[in-house]
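First the structure, in the form of C-alpha cells, and then the observations on it.
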Amino acid sequence: MSFTLGEITRLVRGTCHGDPSLIIENADIIRDASSGCITLADKAEILNHLQGSEASAVIVPEGLDVPDLASIEVKDVHQAFARVVDLFYPRESEGVSGISTAAQIHPSAQIGDDVTIFPNVYIGPNVTLGNQVTLYPGVSVMEGCSIGANTTIYSNSVLYELTEVGSNCIIHANATIGAFGFGYDSSRGHHVLSAQCGFVRVEDHVDVGAGTTIDRGTYGPTVIGEGSKLDNQVMVAHNCRIGKHNLLCSQVGIAGSCTTGDYVVMAGQVGIGDHLNIGSKTMLGAKAGVMADVPEETIFVGIPATPHREQMQKQAALAKLPEMRKEFKRLQKELNDVLSRMQSAPQNEAA
Amino acid sequence: MSFTLGEITRLVRGTCHGDPSLIIENADIIRDASSGCITLADKAEILNHLQGSEASAVIVPEGLDVPDLASIEVKDVHQAFARVVDLFYPRESEGVSGISTAAQIHPSAQIGDDVTIFPNVYIGPNVTLGNQVTLYPGVSVMEGCSIGANTTIYSNSVLYELTEVGSNCIIHANATIGAFGFGYDSSRGHHVLSAQCGFVRVEDHVDVGAGTTIDRGTYGPTVIGEGSKLDNQVMVAHNCRIGKHNLLCSQVGIAGSCTTGDYVVMAGQVGIGDHLNIGSKTMLGAKAGVMADVPEETIFVGIPATPHREQMQKQAALAKLPEMRKEFKRLQKELNDVLSRMQSAPQNEAA
Amino acid sequence: MSFTLGEITRLVRGTCHGDPSLIIENADIIRDASSGCITLADKAEILNHLQGSEASAVIVPEGLDVPDLASIEVKDVHQAFARVVDLFYPRESEGVSGISTAAQIHPSAQIGDDVTIFPNVYIGPNVTLGNQVTLYPGVSVMEGCSIGANTTIYSNSVLYELTEVGSNCIIHANATIGAFGFGYDSSRGHHVLSAQCGFVRVEDHVDVGAGTTIDRGTYGPTVIGEGSKLDNQVMVAHNCRIGKHNLLCSQVGIAGSCTTGDYVVMAGQVGIGDHLNIGSKTMLGAKAGVMADVPEETIFVGIPATPHREQMQKQAALAKLPEMRKEFKRLQKELNDVLSRMQSAPQNEAA
Chain A
7 MSFTLGEITR LVRGTCHGDP SLIIENADII RDASSGCITL ADKAEILNHL QGSEASAVIV
67 PEGLDVPDLA SIEVKDVHQA FARVVDLFYP RESEGVSGIS TAAQIHPSAQ IGDDVTIFPN
127 VYIGPNVTLG NQVTLYPGVS VMEGCSIGAN TTIYSNSVLY ELTEVGSNCI IHANATIGAF
187 GFGYDSSRGH HVLSAQCGFV RVEDHVDVGA GTTIDRGTYG PTVIGEGSKL DNQVMVAHNC
247 RIGKHNLLCS QVGIAGSCTT GDYVVMAGQV GIGDHLNIGS KTMLGAKAGV MADVPEETIF
307 VGIPATPHRE QMQKQAALAK LPEMRKEFKR LQKELNDVLS RMQSAPQNEA A
Chain B
7 MSFTLGEITR LVRGTCHGDP SLIIENADII RDASSGCITL ADKAEILNHL QGSEASAVIV
67 PEGLDVPDLA SIEVKDVHQA FARVVDLFYP RESEGVSGIS TAAQIHPSAQ IGDDVTIFPN
127 VYIGPNVTLG NQVTLYPGVS VMEGCSIGAN TTIYSNSVLY ELTEVGSNCI IHANATIGAF
187 GFGYDSSRGH HVLSAQCGFV RVEDHVDVGA GTTIDRGTYG PTVIGEGSKL DNQVMVAHNC
247 RIGKHNLLCS QVGIAGSCTT GDYVVMAGQV GIGDHLNIGS KTMLGAKAGV MADVPEETIF
307 VGIPATPHRE QMQKQAALAK LPEMRKEFKR LQKELNDVLS RMQSAPQNEA A
Chain C
7 MSFTLGEITR LVRGTCHGDP SLIIENADII RDASSGCITL ADKAEILNHL QGSEASAVIV
67 PEGLDVPDLA SIEVKDVHQA FARVVDLFYP RESEGVSGIS TAAQIHPSAQ IGDDVTIFPN
127 VYIGPNVTLG NQVTLYPGVS VMEGCSIGAN TTIYSNSVLY ELTEVGSNCI IHANATIGAF
187 GFGYDSSRGH HVLSAQCGFV RVEDHVDVGA GTTIDRGTYG PTVIGEGSKL DNQVMVAHNC
247 RIGKHNLLCS QVGIAGSCTT GDYVVMAGQV GIGDHLNIGS KTMLGAKAGV MADVPEETIF
307 VGIPATPHRE QMQKQAALAK LPEMRKEFKR LQKELNDVLS RMQSAPQNEA A
C-alpha cells in the first residue's frame, strides 16, 4: 500500500513542504525508518537524528523548518503520526461485538447498551455494566461489582466482589482489583487475617496497568482518584487513598493506609511505607524509599527519600569519600608530625 | 437500614455507654465517618482523631473511657467492628455452589465433598481436591496437583503440574505456582534451560497474594512453610525453603535456593541473593538488599543489608558528610597554615 | 519403584564405581537425600556436603573421585540426574492433545500441525499458529498475532493484538505481552494517552517468566531479541529493544525506549531509566539503579549505578565513615589546641 505526500498532508490537515506527488510506502520512527518511509520529529532537537536516516519525509510541529527533507507541518505531531500509522497498519476491531454466548453471565447482572463481552468472561450476581463497556476474554467480575460507561477491561483481569470502577477507565490484562489486604493479628503465635469488609473504588478516567494489584480496604474503600494512571505491576495496598491525576510508574509499591494529593508522580520502583501522606504535585524519583510524610510540590529521591538537592549533595560527597579518606589519613599524619615536633622542640617558655 | 446502639451492643456482646435507643445508620472508619455512623478506635491514641469526626458512636477496647461520645466496650474491637460492617453491608456468597457445568474437569480428578467450582475452571488429570475447596473462575490446575480441605483459590490463578497446596490456604487472583525455575547453562553461547523436575509444596494455612509467583524446584520441592503469608507480587525462586509463619510483604524477591527460619518478616521490596539463609525471627527492613546470610533474631536494613544500628550510624554520618567535607577542607587549610608558619619561622633549635 | 545402580548407570551412559546391584529407591538433592537415594554433586566443592548425608550413591562429573560412596561418573551431571528423577517421578503429558472443543477459536485463524489447544483458550481473527504450538487453558491471543513453531504458552497469559512470538519460545502463566505503553501528554491538566500503534516482537528461543509484562511500542515494535530469557515479574516498557541472549532476572524494570546489547545480564530488581543504552556483555548487580548509559563489558552496581570497583570503594568508605567522623572531631580538637598554643606562645619572631 502506498500514498502520496499530498494525500497524507490532507489526512492530517497539515502544510506540505516538498513534492506532493512523492510516494510514501510506510511509516516508522526515525530509528527504524527506511527509504520510502515517513517519520516524525516532535521537537527541534530530534531533527539531528534525521541525518543518518533514510526517511523520505517527516512530520513536524508547526513552525519547525526542515531544510533538506520533505515535511508536513501539523499542530499535534503525535496525533497526526498515529493517523498515518493507522493508514499503513489499519487495526480492525476484534471482529467481535455484542455478548458472546460463551461468556458466563449471572441472570441478575444489569448490562448497559452496546456492551461487548468476549468468550470466557465471568460476571457474578448483581453486577452492573454501563453502556459501551468492553470485557475481553477471561475477565472475572465478581458479585456486586459496578463498571461505568466506556470502560474497557482486558483479558484475565479480576475484580473481586463489590469493586466499583468508574467510566472511561482502561484496566489492562492480569490486573487484580479487590484482593485481601495484607493485615494480620500475630499476637497468638500465628497470623490471623484482619477484617476484609471493604472494597476498591476506581474513579473515572483511571488507567490500571497489566499485572497491577489494588487491595480492598479493611472496612471502607481503597480509592484510586479520578484521572490517575497506574503503570504495570504497581501495588496499592489496603485503605490507600490515591488522589487525582497521579502517575504511578511501573513496580511502584505503596503500603497500607497511605494518601496522596493530586498530580503526584512516582517514578519506577518507588516504595512508600504505611500510613504516610504524599503532598500534591510532588515527584518521587526512581527507587525512592519513602519513610516519612512528603510535603507538597517537592522532589524527593533516595533511600531513605530526602529532598532532591540534599540527596545530590550526599551522593556527591559520597563519590568523593574514598579520596577524602586518603587525604584525611595524610592530614592525621601531618598533624601528628606537627604535634611531635612541637613536643620535641624546646618549649617557647623555656626560650 | 438502621439499628439502635442497644441492638449493636447485643450483637457484639459489649458494654454500652450512652443512650441505647440512639439510631445508628452506618459504620465507617474515623476518617470517613459522618453523622449517624458508628466507628472504631482500637487504642487510646486513636481517640484524638475522634475530635474532628462527626461519628455518633465508637467501639473501643475494654477499659478505654470515651468522655463525650456514645461507646461500646468490647474484647476484640476489630472482630466486633467487622460484624457491625457486615450488618450494614451484608455479603452474600457468590450465589454459586457446587460444580459448574461450565468448568472443565478431567474425569480422573478426585473431588471432595462440598467443593465449589466456578465456570471456566480447568482441572487436569489426577488432580485431588479436598473437602470444601473453592476454585473461582479461570483457575487452572494442571495434572497431578493436590489441594487440601478448605482451601480457596481466586480467579485466574495457575497451578502447574504436581503442585501441592495444603489445607486452609488462600491463593489470590493471578498467582502462579510451579512455573519453571530461572536456571540456565550458558556455557555454549546460548542459554540452555536447566532441569525442571521439581514442584512446589505450599503447606497448610498459607496465604499467597495476587500476582505472586513461586517457581518449582529443580529436582525436589520449593516449599512455603505452614502458616506463612505472602503478599501480592512476591517472587520466590526455585528450590527455596520458606519456613513457618513468615510474613513476606509485597514485591519481595527471593532468589534461588534460599532458606528462611520461622517467624521471619520481610518488609516491602526486599531482595535476597541466591543460596542465602535468613535466621528465625529476623526482620528485614523495606528495600533491604541481602547479600550474605543473616543471623537469627536480628533486624537488617539497607543495601547491602547490615544490622539496623550500623545502618542508622552510616545514614547519620552520610547525612552530615557534605558539612563534614566543608569542615575538612577548612581543617586542611588551617593545618597548611600551621605548617607554613612553622617552616617560615626560625627553627627553635636555631634560637 | 526401585532400580539398581547398574540399571541407572546404563540409563545415563556413565561409569559405575561401586556395587552395580545396589538398590536405589529414590533420587533427591543432597539436602533432602535419605538412605536409598541417589543424589548429585556437580563440582568438587559440593562433595563436602555429602558427609552429613545419608545418600546411597551420587552422580558426579567425569574425573571426580568419590572415596566412600557408590558413584556414577557422567559427562553432563544435570542431564543425567534429570533422567534419573524422571525415572522415579515420570511426568506424563497432560493427557490432552489436539484442539479442545472448549477452546474459542475464530474461523479465520490459521492453525499449524500437531497443535495442542486446551479448554478456555481464546484465539482471535487472523491469528497464525505454527506447528507443535501448545496453548494452555485460559490463554488469550488477540487479533492478528502470530506464534512460531514449538512455542508453548502457559495458562492465562495474554497476547494483545498483532503480537509476534517466534519459534521455540516458552511464555509462562499470567504474562502480558502487548499492553499499552505508559506514555501520556499531561500538558492540559489531565493525562492524555499517547499513540498505541505499535506491537511487541518476541524473537526465537525467548523465555518469558510468569507475571512478566512487555508493553507494545508507540508506533513500531518493542523487541525481545533471540535467545533472551526473562524471569518472573520482569517489566519491559514501550519501544525497548532488548538484544540477543540477555538474562533479565526477576522484578527487573526497564523504562521506555531503552536498548541493550547482546549477552547483557541484569540481576534481580534492577531498574533502568528511560532512553538508556546498556552495552553488550555488561552485568548489572542486584537492585542497581541505572541513570545513564552503561558501556560494554562492564559490571555496574548501586543506586545510582557506577562501576563495581568504584561502588566497592564507596561502600567500604561509607562503612568506616562513622568511625572516621569521630577521628575527624578529635583531629579538629587537636589542631585547635595547636593553634591556640601557637597563638598564646611568644611568637618566634619575637625571640
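Chains as they are written, first to last, in the working numbering: chain A, 7 to 357; chain B, 7 to 357; chain C, 7 to 357. In this text, a Cβ means the ideal position worked out from N, Cα and C, and glycines have one as well.
State the CB to CB distance for the pair residue i and residue j, rounded to an integer number of angstroms; the pair is presumed to be in contact (CB under 8 Å).
i, j, result
"valine 64 of chain A", "leucine 46 of chain A", "7 Å"
"glycine 187 of chain B", "leucine 165 of chain B", "Incorrect: roughly 16 Å between the Cβ atoms, too far for contact."
"glutamate 60 of chain C", "alanine 39 of chain C", "6 Å"
"lysine 81 of chain A", "glutamate 68 of chain A", "6 Å"
"isoleucine 44 of chain C", "serine 62 of chain C", "7 Å"
"tyrosine 190 of chain B", "leucine 253 of chain C", "7 Å"
"histidine 84 of chain B", "serine 200 of chain A", "6 Å"
"alanine 322 of chain A", "lysine 320 of chain C", "Contact doesn't hold; Cβ gap of about 12 Å is too wide."
Near residue i, what residues of its chain come up, given a Cβ to Cβ distance below 6 Å and the 5 sequence neighbours on each side ignored?
i, result
"cysteine 264 of chain A", "Cys246, Ile278 and Leu282"
"glutamine 110 of chain B", "Tyr128"
"serine 161 of chain C", "Tyr142, Pro143, Gly144 and Ala179"
"alanine 273 of chain B", "Cys255, Gly291 and Ala292"
"glutamate 355 of chain C", "Note that glutamate 355 of chain C has pLDDT 48, beneath the 50 cutoff, so the model's placement of it is unreliable and the number below is only indicative. No residues qualify anywhere along the chain."
Check whether the Cβ of residue i lies closer than 8 Å to any Cβ atom in chain B.
i, result
"serine 256 of chain C", "yes"
"glutamine 239 of chain C", "yes"
"proline 328 of chain C", "yes"
"alanine 243 of chain A", "yes"
"asparagine 54 of chain A", "no"
"valine 164 of chain A", "yes"
"cysteine 246 of chain A", "no"
Residue j and residue i - do their beta-carbons sit closer together than 8 Å?
i, j, result
"alanine 359 of chain A", "isoleucine 309 of chain A", "The structure shown has nothing for residue 359 of chain A, since chain A only spans 7 to 357."
"alanine 155 of chain C", "valine 139 of chain C", "yes"
"cysteine 175 of chain B", "aspartate 120 of chain B", "no"
"threonine 182 of chain B", "cysteine 203 of chain B", "no"
"serine 286 of chain C", "glycine 249 of chain C", "yes"
"serine 163 of chain A", "isoleucine 177 of chain A", "yes"
"glycine 150 of chain B", "serine 77 of chain B", "no"
"leucine 337 of chain B", "leucine 341 of chain C", "yes"
"histidine 197 of chain B", "lysine 235 of chain C", "yes"
"glutamine 86 of chain A", "valine 18 of chain A", "Correcting the residue type first, residue 86 of chain A is alanine in the shown sequence and not glutamine. A contact, by the Cβ cut-off of 8 Å."
Grab me the residues of residue i's own chain with a C-beta within less than 8 Å of its C-beta, minus the 5 sequence neighbours each way, in chain order.
i, result
"threonine 10 of chain C", "Pro26, Ser27, Leu28, Ile29 and Ile30"
"glutamine 239 of chain B", "Gly215, Ala216, Gly217, Thr218, Ser256 and Gln257"
"aspartate 280 of chain C", "Ala243, Ala261, Gly262, Ser263 and Cys264"
"glutamate 167 of chain B", "Gly130, Met148, Glu149, Gly150, Cys151, Gly184 and Phe205"
Counting only beta-carbon atoms, is residue i nearer than 8 Å to chain A?
i, result
"arginine 331 of chain B", "yes"
"isoleucine 111 of chain B", "no"
"tyrosine 160 of chain B", "yes"
"isoleucine 44 of chain C", "no"
"serine 106 of chain C", "no"
"aspartate 120 of chain B", "no"
"cysteine 22 of chain C", "no"
Contact criterion: CB-CB distance below 8 Å. Does residue i meet it with respect to chain C?
i, result
"lysine 81 of chain B", "no"
"alanine 216 of chain B", "no"
"leucine 135 of chain A", "no"
"asparagine 32 of chain A", "no"
"glutamate 4 of chain B", "There is no way to answer for residue 4 of chain B, as the model of chain B reaches only from 7 to 357."
"histidine 84 of chain A", "yes"
"glutamine 116 of chain B", "no"
Using a cut-off of 9 Å between C-beta atoms, extract the partners of residue i located in chain F.
i, result
"glycine 279 of chain A", "Annotation note: the requested chain F is absent from the structure, which comprises protein chains A, B and C."
Any heavy atom of the ligand SAM closer than 7 Å to the beta-carbon of residue i?
i, result
"leucine 17 of chain A", "The ligand SAM is absent from the structure shown, which contains no ligand whatsoever."
Stretch pair the stretch 322-334 of chain B + the stretch 294-304 of chain B: three plus CB contacts closer than 8 Å | no
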